[in-house]
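Protein chains in written order, with my numbering: chain Z, 590 to 1228; chain H, 2 to 360. The C-beta atom is built at its ideal place from N, Cα and C for all residues, glycine as well. Source: prediction; values computed, not measured. These notes concern the structure reproduced below.
Right, dumping it as structure tokens:
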């Protein structure tokens, strides 16, 4: 089998014992059985790449089953990462390298590999039985079907076991270290030191010295194997990316979102109270926040989704920043309580980490199909603000923005993340607290009106003229005792009212309050380097990366295109209609069947054209680039 | 691992009392300016009156008292009290109360609910609030019927109840709220009745003093859809024969009958003359094991009112959920050297694995 560059070659160079080839980017996918430790292996390689200064983006992809039957397609778990010497916007369309720990991993991932890609397989797992499990009559390693790939067929398991011959472990435990061997081999191949991973192993296995020694030994053995084997002729180097000066770390969307909530509560001087019920892919936010009690964070694992939001609203009534986290099915269950919060006009942040639907759908796969549920999924006219992060690191800022709107306007805000953002990671320029937005929250402590006899009274629904927000007066405040509830309230006094005119007024006030949020959000910014694009691509949420990457790629072939991105889905920025009308063609890619496009069409009467996909995976930049080229060429033809 | 968090013993331990020397509050101070809109003759009036008389006796600052309700006739209760109040959604009141009571230790939090609200749509939240032992007081107005939706059978309606939605008689086996609460690991369970003002007030005092979740079932008459459901307990002579007034340390007895432990573990009420002295039940509210209280609660299973224990079934001490949640948070804050500063936040955001570009 021939060896050529893995990734896109740039310049030659020599390093260590074998020649080093420079690459500007490479996409690597680790794939194996759910129990093979592929997520961990990917995570470690990501950390090493981040330390090395590469820009990167990751895409974990795993089954909903915790341990599906071994060796089956259902049980395949993978982790893809894209590293580059320039800024990276997506986890990469197609892997340049696939590490397949068994036949199932090969079979499940082969279709994603372009011809010429490199495949590293563990031949020890290519037994007749394992091959039969996934329907291979003949081993693909022997039948010539992989001729157009660079295949490195290596007995990874047995080499690992041999390398650990002296270690006092069972054979099974030795075999389990094969992921570290593979990681060591990849570290060598991409000229990465193994030191950061060794530090990680040291802390992970600090109390299990035998496993610690074995894992380090396997990692080093993999590295040494690369150097000595004749199977690899080159190593490759991906230089550090040039990024703005600063301190960086790697972070996933769910952790960034958790930190954003903590930072917002810190800035607002409020206690953060999370009520949550575990649900994939949102549970990591509950896990993260439950470990941050030191920041006065209270987390309660509720008996169900409804109790989760009820706890958050109860805490908000008491003057805390109430938050609940969930995924699509949970949002459906919380709908009635969110409607109550609309009526109570109390701050509430509802985080929905979207996954494939309907019903249980695809719990571990990404989708953007809860937008209309967030907009309209409650009884009556019950508007809420909606904010969506555009990348894993942006989950931090979007969470702060959601908390800002919730506290300033005393309203529920739905924060629409998704499974790809939640589990994906990228380097993050660590923000400095002093640079975070100030969230000034004041509780009302004095009567704000007078009664018919001229005596001071508290009027719980007397609104701030700027924001239309009502006062937040919390229990414990003398003289401001009042009752709120889900029955329609009279304007100003908040007393129960069934008056027709009052209901119409209150309905419009609640809608008007959400509309007013637009006064404090930035307008849409358009990216149009040529300045004369006729096609606009508009996105929201996690499609940001693929859209920007696609536009870059289209521009390289002379196709002029503008892009813009919605961070606020309700209300839309004030200039949205004006921006949309500026272009002859507007395309909106979404991981649903056109939900945001429907809203934009309804709001602005612009012919927004949907490009949709609901495959449980992010868009490929190449796919979107083709859409852009076709659109631009079509317009040019009619010029 | 048991942690001694120095748990307070009173249900209102952290709730500010009225300042010394400040004028005592009365019924009027707890009466809101809203017109009461229950049907004439509704048992809720008596409970509201008892509550407005009881609250001043608590001696708390009224701004630190909160009433939270679900949906149903009884759930309008908070509107008529001049305290903080939250009229929420059907069945979910315990969840809002849990969030509030955990976030704020300085509040006395009361949940007002009914048999449909608490035991049908809200059954899940009721049992979890009780097993967690959140420091909230749940008053369950049991009229054995749906009132606000105009008269369908409820989860406490006796089997065979004929209503608009059960013209041939209801087929559901009813819940006995006290049995449900005991099964849900409740630390305080009591029963009283709308028309027994003095007893009701005593039970409310006991519930308020209990640190933890308290479930108080209040038999309440619905004059429109289930009138007279508890009449046998309101007739003086009938009541004397049927009601077993539970008093800590005393025999469980009524008239000439006394409660005895039977061989099968149940409690039966027999003529005193037939009772073996070693079998007579002497009530103890703080017995750790709930089986005796549970056996007492079964005297009214299936809605039978032949012999009805009234009073506190159980009042045991167990650390409360909200105290422990706050304990974990304050211990973490203290261990870290006090409230988080900007520097602490910066350290959190940076984590342990950072690298520097430029500079």
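Grab the span of the alpha helix (DSSP H) containing residue i for me, first residue to last.
i: residue 739 of chain Z; result: From DSSP, residue 739 of chain Z is part of no alpha helix (DSSP H) but of the beta strand (DSSP E) over 739-743.
i: residue 1208 of chain Z; result: Where residue 1208 of chain Z is concerned, there is no enclosing alpha helix (DSSP H), given that its DSSP letter is neither H nor E.
i: residue 998 of chain Z; result: 983-998
i: residue 855 of chain Z; result: 842-857
i: residue 979 of chain Z; result: Looking at the DSSP string, residue 979 of chain Z is not in any alpha helix (DSSP H), and its letter there is neither H nor E.
Please tell me whether residue i and residue j are closer than 7 Å, where the distance is taken between their beta carbons.
i: residue 23 of chain H; j: residue 82 of chain H; result: no
i: residue 47 of chain H; j: residue 70 of chain H; result: no
i: residue 157 of chain H; j: residue 145 of chain H; result: yes
i: residue 696 of chain Z; j: residue 723 of chain Z; result: yes
i: residue 1199 of chain Z; j: residue 1183 of chain Z; result: yes
i: residue 954 of chain Z; j: residue 946 of chain Z; result: no
i: residue 630 of chain Z; j: residue 619 of chain Z; result: yes
i: residue 739 of chain Z; j: residue 759 of chain Z; result: no
i: residue 976 of chain Z; j: residue 958 of chain Z; result: no
i: residue 685 of chain Z; j: residue 616 of chain Z; result: yes
i: residue 222 of chain H; j: residue 44 of chain H; result: yes
i: residue 102 of chain H; j: residue 112 of chain H; result: no
i: residue 871 of chain Z; j: residue 915 of chain Z; result: yes
i: residue 971 of chain Z; j: residue 931 of chain Z; result: yes
i: residue 187 of chain H; j: residue 12 of chain H; result: no
Just to make sure I have the definition right: I need the residues of chain Z whose C-beta is within less than 8 Å of the C-beta of residue i. Which are they?
i: residue 326 of chain H; result: 887, 889
i: residue 107 of chain H; result: 1065
i: residue 340 of chain H; result: 885
Check the Cβ of residue i against every Cβ in chain H and list those closer than 8 Å, keeping chain order.
i: residue 779 of chain Z; result: Within 8 Å Cβ-Cβ: nothing; residue 779 of chain Z doesn't reach chain H, min ~17 Å.
i: residue 862 of chain Z; result: 100, 103, 104
i: residue 1071 of chain Z; result: 85, 86
i: residue 1171 of chain Z; result: By Cβ distance, chain H contributes nothing, its closest Cβ being about 36 Å from residue 1171 of chain Z, past 8 Å.
i: residue 1193 of chain Z; result: Chain H residues near residue 1193 of chain Z: none, gap ~35 Å exceeds 8 Å.
What first and last residue would you give for the beta strand (DSSP E) that runs through residue i?
i: residue 887 of chain Z; result: 886-890
i: residue 21 of chain H; result: Here residue 21 of chain H belongs to no beta strand (DSSP E), and DSSP marks it neither H nor E.
i: residue 718 of chain Z; result: That residue, residue 718 of chain Z, is in no beta strand (DSSP E); its alpha helix (DSSP H) goes 717-722.
i: residue 88 of chain H; result: 85-88
i: residue 194 of chain H; result: 189-194
i: residue 1177 of chain Z; result: 1174-1179
Flag residue i as yes if its beta-carbon sits less than 7 Å from any beta-carbon of chain H, otherwise no.
i: residue 832 of chain Z; result: yes
i: residue 790 of chain Z; result: no
i: residue 1083 of chain Z; result: no
i: residue 876 of chain Z; result: no
i: residue 987 of chain Z; result: no
i: residue 1212 of chain Z; result: no
i: residue 958 of chain Z; result: no
If the cut is a Cβ gap below 7 Å, which residues of chain Z does residue i touch?
i: residue 352 of chain H; result: 838
i: residue 114 of chain H; result: Per Cβ cutoff of 7 Å: no residues; residue 114 of chain H is ~13 Å from chain Z at best.
i: residue 63 of chain H; result: 1070
Strictly under 7 Å for the Cβ-Cβ distance: is residue i near chain Z by that measure?
i: residue 93 of chain H; result: yes
i: residue 343 of chain H; result: yes
i: residue 364 of chain H; result: Residue 364 of chain H is absent from the structure shown; chain H starts at 2 and stops at 360.
i: residue 13 of chain H; result: no
i: residue 364 of chain H; result: For chain H, the structure presents residues 2 to 360; residue 364 of chain H sits outside this window and is missing.
i: residue 347 of chain H; result: yes
i: residue 245 of chain H; result: no
i: residue 55 of chain H; result: no
i: residue 359 of chain H; result: yes
Cβ closer than 7 Å: which chain H residues qualify as neighbours of residue i?
i: residue 866 of chain Z; result: Correct list: empty, because the minimum Cβ distance to chain H is about 11 Å.
i: residue 1178 of chain Z; result: Chain H residues near residue 1178 of chain Z: none, gap ~31 Å exceeds 7 Å.
For residue i, which residues in chain Z fall below 9 Å Cβ to Cβ?
i: residue 48 of chain H; result: Under the 9 Å cutoff, chain Z gives no residues; its nearest Cβ is about 17 Å from residue 48 of chain H.
Short of 7 Å Cβ to Cβ, which residues in the region 1016-1031 of chain Z face chain H?
Within the region 1016-1031 of chain Z, the residues whose Cβ lies closer than 7 Å to some Cβ of chain H are 1019, 1020, 1021, 1022, 1023, listed in chain order.
Residues in the region 920-944 of chain Z having any Cβ partner in chain H nearer than 7 Å
The residues in question are 925, 926, 929.
Mind listing which residues of the region 116-150 of chain H have their C-beta closer than 7 Å to chain Z's C-betas, in chain order?
Residues of the region 116-150 of chain H with a C-beta less than 7 Å from any C-beta of chain Z: 125, 126, 129, listed in chain order.
If the cut-off is 7 Å on Cβ atoms, which residues from the region 67-87 of chain H count as contacting chain Z, listed in chain order?
For the region 67-87 of chain H, the set of positions with a beta-carbon nearer than 7 Å to some beta-carbon of chain Z reads 67, 79, 80, 83, 84, 85, 86, 87 in chain order.
To be precise: take each residue of the region 1035-1065 of chain Z, compare its Cβ to all Cβ atoms of chain H, and keep it if any distance is under 7 Å. Which residues remain?
Listed by position, the residues of the region 1035-1065 of chain Z near chain H (Cβ gap below 7 Å) are 1064, 1065.
The region 710-739 of chain Z: positions lying closer than 7 Å to chain H by Cβ
Answer set for the region 710-739 of chain Z: empty.
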